[in-house]
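Data first, discussion second: the structure below is written as structure tokens.
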Amino acid sequence: MIEAIGFIALGFALMEVFGWAIHKYIMHGPLWSIHKTHHQPSKYFFELNDLFSLLFGSIAVILIIKGVAELDYRFWMGIGISLYGMLYFFLHDVLIHRRMKWFQKPKNGFLKGIFRAHQAHHRTNEKDDAVSFGLFVVPKEYFKEKD
Ligand SMILES: [Zn+2]
Ligand SMILES: [Zn+2]
């Protein structure tokens, strides 16, 4: 059981670490042409950038399928990645970008910090001068109340 929780946490943590690196060095790098659809206003509901979510989702599904018979580390890491994906969807797509208008602007301190940090990321529509590439792990300054 403790092992399962460990691998779930590992899958979750790896997503934030790899997500940060992929966002900073690949999405704002060679694959900017795909990711820029998330930095520019669009009249369509889906963005080409959603392909990245599909890719991470597929990795989770493959791990879960490969590990389900023995309930080994692959299964639990797949669960951790899925959990990250769901939280990412609620925070990033629903709460911050309001692709679905389910919630109002967050009032809770932690959510406000994440919100501000991601808004800072979107302050530019350019490839090169963006800041704040993670979602959950962001600089402390964003959690300070300034408004
Ligand atoms: Zn970006
Ligand atoms: Zn965004």
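Position one of the sequence shown corresponds to residue 15 (our numbering), numbered consecutively onward.
Glycine is no exception: its CB is placed at the ideal position from the N, C-alpha and C atoms.
When C-alpha distances from A27 are compared across V75, W90, R130, the shortest belongs to W90.
Membership of A18 in the alpha helix (DSSP H) is indicated by the continuous run 16 to 35.
Taking the C-beta atoms as reference points, L149 is found no nearer than 8 Å to L97.
Excluding five sequence positions before and after V108, the CB atoms of its chain that fall closer than 6 Å to its own CB belong to M114, W116, given in chain order. Remark: C-beta atoms of I128 and V145 do not approach each other more closely than 8 Å. In this structure, the straight-line span from the alpha carbon of I95 to that of F147 is close to 18 Å. Taking 7 Å as the cut-off, one finds at least one heavy atom of ligand 1 near enough to the beta carbon of H52. At least one heavy atom of ligand 1 is found less than 7 Å from the C-beta of A144. Boundaries of the alpha helix (DSSP H) around F129: 123 to 135. The beta carbons of G99 and I78 sit about 12 Å from each other, so the pair does not count as a contact at 8 Å. From the listed residues E155, T138, G33, I22, the smallest Cα separation to K126 is found for E155. If you ignore the 5 residues before and after F21, its C-beta comes within less than 6 Å of the C-beta of Y87, W90, M91, all in its own chain and listed in chain order.
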